[in-house]
């Protein structure tokens, strides 16, 4: 095995998986995507490992794989809360959490990827643009539209709670 | 109310915590990477960037060569047993459809069987390295309209050109942005934006150019799709970026500004770069899979071996 690859996988695979599972919403698909992204990375590891920070390269492959995954299979809606049943929900407000995640999974795949990279991975708009290979302006507009939809979902949830 | 922008990181973090992180083996990844020395559907990508023919006159899909025999997995698709029609489809028809899907995916060494019609169950086995694509075999193909966005490199003072060519870089890779170069060697990134998939009401293969690799896919859209396609062609004609039609994200037809546009009748004709078998397989997977059962809730099980 190429030097440094095992250490990279050990240190970064979990974070890549968490990003993938938020974008595709399915544990098994996310696992496959991370596996594929790392395999492709390994084939170019000689070049990738020479980079100052290899992770953006891998994350770029992963994000594009995740978006493409949904282009191929988005005829079936992802089941909400299709979890492993292992870890408990730590969200302080399960209803709000579910409402937001439900809307998130109904967003177009690239818009969802923008939100996950921006607000979960805490990338800057420029970094998100680099990862997804799109213009910064596109990141801004996709994020704004996605947030607007999530905001609507939260508002509806609050309205339901008030009337209940 | 705290704005969603402030609360979203915590919500996403909680959602991510609900999924157990699998163990990734660097050794297994490295071994798979070594075995998977193939490029998925390079002919289609080459067609999209104007290099059709450079990959060989027949336009054949490159085989997934180099796999060993000991790394197989079996994927079982088991439906909920609910039939929309009262007559279950014939097993042979179902298997024929899935095999077309296998060929269209460029998969090799795949075994397909249907051990039960009620509940509908299809079993496929293939190389473990192909697992993501094996999981997709029960799904019909998705035809999408794509607007490509080509951005110039930071150090370029020239605008992207429409006839830019594939220029290698990291090699043709499924799922990452395709690098293209202009005649001065400037590298551009090409990003694809796709809308929802179109509903194809009928599709068939037609030979549009002499030779074994001169077959095209002809797909007729429903009324809504025809309107979207007409709008797409109008946009492409005005835009600075080219437009494409793709099946499962892979370009099969390309239009660039200035090119003569096809008749806007809701019929999409791919570029004639396929073999007869390839074109027929794509046509099969694009149409409503009449041979496949209505699945209900599907359970997908992956087991080693096969």
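Protein chains in written order, with this note's numbering: chain A, 56 to 219; chain B, 16 to 321.
Each residue gets a CB set at the ideal place from its N, CA and C atoms; glycine is no exception.
* Assigned exposure category for residue 107 of chain B - 16 Cβ within 10 Å defines buried -> Exposed: under 16 other Cβ atoms inside 10 Å.
* Following the continuous alpha helix (DSSP H) through residue 83 of chain A, name the residue where it begins and the one where it ends. => Start and end: 82-98.
* Got a sec: which bits of the region 180-196 of chain A sit with their beta carbon under 7 angstroms from any beta carbon on chain B, in order along the chain? -> Per Cβ criterion, the list reads 188, 189, 190.
* Asked: What residues are listed by DSSP as bridge partners for residue 230 of chain B?
  -> According to DSSP, residue pairing for residue 230 of chain B in a beta bridge involves B/222, B/289.
* To do: Kindly give me the distance between the Cβ atoms of residue 149 of chain B and residue 141 of chain B, rounded to whole angstroms, as I take these residues to be in contact under 8 angstroms.
  => Contact flag correct, Cβ pair sits at about 5 angstroms.
* To do: On a CA-only basis, which of A/81, A/109, A/115, A/209 is nearest residue 189 of chain A? Give me that one, please.
  => Closest option to residue 189 of chain A, judged by alpha-carbon separation, among A/81, A/109, A/115, A/209: A/115.
* **Beta-carbon neighbours of residue 168 of chain A, restricted to chain B and to distances below 9 angstroms** => The premise fails here: residue 168 of chain A is roughly 12 angstroms from chain B at the closest Cβ pair, so nothing lies under 9 angstroms.
* Report buried or exposed for residue 65 of chain A, applying the criterion of at least 16 other Cβ atoms within 10 angstroms of its Cβ. => Counting Cβ neighbours within 10 Å, residue 65 of chain A comes out exposed, since fewer than 16 surround it.
* To do: Grab the span of the beta strand (DSSP E) containing residue 106 of chain A for me, first residue to last.
  => Where residue 106 of chain A is concerned, there is no enclosing beta strand (DSSP E), given that its DSSP letter is neither H nor E.
* Are the Cβ atoms of residue 294 of chain B and residue 220 of chain B separated by less than 9 angstroms? -> Going by C-beta atoms, residue 294 of chain B is nearer than 9 angstroms to residue 220 of chain B.
* Asked: Under 9 angstroms Cβ-Cβ, which residues of chain A neighbour residue 319 of chain B?
  -> Here the premise fails: no neighbours, minimum Cβ distance about 15 angstroms.
* To do: Name, going along the chain, the residues of the region 33-47 of chain B whose beta-carbon falls closer than 7 angstroms to a beta-carbon of chain A.
  => Answer in chain order: 33, 34, 35, 36, 37, 39, 41, 42, 44, 45, 47.
* Between which two residues does the beta strand (DSSP E) containing residue 151 of chain B stretch? -> Taken as a continuous stretch (DSSP letters only), residue 151 of chain B belongs to no beta strand (DSSP E), as it is neither H nor E.
* Interface residues of chain B facing residue 205 of chain A [CB-CB closer than 8 angstroms] -> Within chain B, the residues 19, 23 have their CB atoms less than 8 angstroms from the CB of residue 205 of chain A, given in chain order.
* Asked: What does residue 86 of chain A touch in chain B if you count any residue whose Cβ is under 7 angstroms from its own?
  -> The contacting residues are 37.
* To do: Flag residue 90 of chain A as yes if its beta-carbon sits less than 9 angstroms from any beta-carbon of chain B, otherwise no.
  => Yes, contact with chain B.
* **Start and end residues, beta strand (DSSP E) containing residue 89 of chain B** => Taken as a continuous stretch (DSSP letters only), the beta strand (DSSP E) holding residue 89 of chain B covers 87-93.
* **Euclidean distance between Cα positions of residue 245 of chain B and residue 101 of chain A** => When only Cα atoms are considered, residue 245 of chain B and residue 101 of chain A end up about 46 angstroms apart.
* Asked: In this structure, what does DSSP give as the bridge partners for residue 126 of chain B?
  -> Answer is B/140.
* Could you check what DSSP says for residue 33 of chain B in three-state terms: helix, strand or coil? => DSSP places residue 33 of chain B in coil when its eight states are reduced to three.
* Asked: Quick one: Cα of residue 184 of chain A to Cα of residue 235 of chain B, how far?
  -> For residue 184 of chain A and residue 235 of chain B, the gap between their C-alpha atoms comes out near 36 angstroms.
* Nearest chain A C-beta to residue 150 of chain B closer than 9 angstroms, yes or no? -> By this cut-off, residue 150 of chain B is an interface position.
* If you draw a straight line from the alpha carbon of residue 128 of chain B to that of residue 290 of chain B, how long is it in whole angstroms? -> Cα to Cα, the separation comes out at about 26 angstroms.
* Asked: Should the region 85-99 of chain A be called in touch with the region 160-170 of chain A, which here means at least 3 C-beta pairs below 8 angstroms?
  -> Using a C-beta cut-off of 8 angstroms, the region 85-99 of chain A makes no contact with the region 160-170 of chain A, since fewer than three inter-stretch Cβ pairs fall below that distance.
* Would you report the Cα separation of residue 241 of chain B and residue 297 of chain B, rounded to the nearest angstrom? -> Looking at the two C-alpha atoms, the distance is approximately 19 angstroms.
* Does the beta-carbon distance from residue 262 of chain B to residue 205 of chain A come in below 9 angstroms? -> For residue 262 of chain B and residue 205 of chain A, no; Cβs fall outside 9 angstroms.
* State the beta-bridge partners of residue 159 of chain B as determined by DSSP. => According to DSSP, residue pairing for residue 159 of chain B in a beta bridge involves B/261.
* To do: Give the DSSP-derived three-state secondary structure of residue 40 of chain B in the structure shown.
  => Correct three-state label for residue 40 of chain B: coil.
* Sorted by chain position, which residues of the same chain lie with C-beta nearer than 6 angstroms to residue 174 of chain A's C-beta, five sequence neighbours on each side aside? -> Excluding positions up to five away in sequence, the list is empty.
* Buried versus exposed, by CB contacts within 10 Å (16 or more), residue 211 of chain A -> By the 10 Å Cβ count, residue 211 of chain A comes out exposed.
* With a CB to CB cut of under 6 angstroms and the five nearest residues on each side skipped, what residues in its chain are close to residue 86 of chain A? -> In its own chain, leaving out the 5 sequence neighbours on each side, no residue places its CB closer than 6 angstroms to the CB of residue 86 of chain A.
* To do: Just the chain B side, please: which residues come within less than 9 angstroms of residue 162 of chain A by C-beta, in chain order?
  => Those do not exist, as residue 162 of chain A stays about 12 angstroms from chain B at its closest Cβ, beyond 9 angstroms.
* What are the boundary residues of the alpha helix (DSSP H) that includes residue 189 of chain A? -> Looking at the DSSP string, residue 189 of chain A is not in any alpha helix (DSSP H), and its letter there is neither H nor E.
* From what residue to what residue does the beta strand (DSSP E) around residue 316 of chain B run? -> Its beta strand (DSSP E) spans residues 314-319.
* Should residue 90 of chain B go down as buried or exposed, given a rule of 16 or more other Cβ atoms within 10 Å for buried? -> With 16 or more Cβ atoms within 10 Å of its Cβ, residue 90 of chain B is classed as buried.
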